[in-house]
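Inspection log for the structure reproduced underneath, given as structure tokens.
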Amino acid sequence: MEKAVFSFCNYYFTKAKIEFLEQPENDYRVNFIPKGEFCKEDSMFKLNLGVIVSSHKDDLETNIIEIECYAEFKFSEKKNLCDIPDFFFPNSIAIIFPYIRAFISTLSLQANRCPIILPTMNLTSLQEELKNNTIEK
């Protein structure tokens, strides 16, 4: 059996903002801001995934939830950013997304509002943006 190329180590949230001035409409827009940082010294990749959930009413867009989540991945024997396989980028986002979905649902529910439950999403379109927004340290 082949050894895993990377492993998911940890995740944490550094920003959580919720703003319900009125009951939001059910028409939500979700925007993602993926960034990455690869540390050559310890072969660690830190994914920073920002998520903004906005509501639309009468052609007015209002951000109701803004979060920022970090996820840490450890690579076996990868010492340069160019050594990271292409499949890592979409998979890293897919691994952390269920945690983000659950956090947003819990955050909105604890505000004693109708919970915002994001649907499952295919986020493979974010892989190029993540690659382009990744730096090497």
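Numbering (my numbering), first residue to last: 1 to 137. Glycine included, C-beta positions come from ideal geometry on N, C-alpha and C. Since the model is a prediction, treat every value here as computed from it, not as a measurement.
Quiz item: Looking only at C-alpha atoms, which of I96, P115, R29 and N10 sits nearest to D59?
Solution: In terms of CA proximity to D59, R29 leads the group I96, P115, R29 and N10.
Quiz item: Given L81, which residues of its chain have a CB within under 6 Å of its CB, disregarding the five upstream and five downstream residues?
Solution: Excluding sequence neighbours, L81 sits near F38 and E136.
Practice problem: Consult DSSP for S55 and reduce its assignment to one of helix, strand or coil. | Solution: strand
Exercise. Would you mind reading off the limits of the beta strand (DSSP E) that contains K17?
Key: F6 to I18
Practice problem: Pull up the distance between the alpha-carbon of M140 and that of T124, whole angstroms please. | Solution: In this structure the chain extends from 1 to 137, so residue 140 is not present and cannot be described.
Quiz item: Is E41 helix, strand or coil when you go by DSSP?
Solution: coil
Exercise. Assuming L107 and I33 form a contact by the criterion Cβ under 8 Å, report the distance between their Cβ atoms to the nearest whole angstrom.
Key: Not confirmed; about 18 Å, so no contact.
Quiz prompt | Status (buried if at least 16 other CB within 10 Å, exposed otherwise) for F13 | solution = F13 sits exposed, since fewer than 16 C-beta atoms from the chains shown fall within 10 Å of its C-beta.
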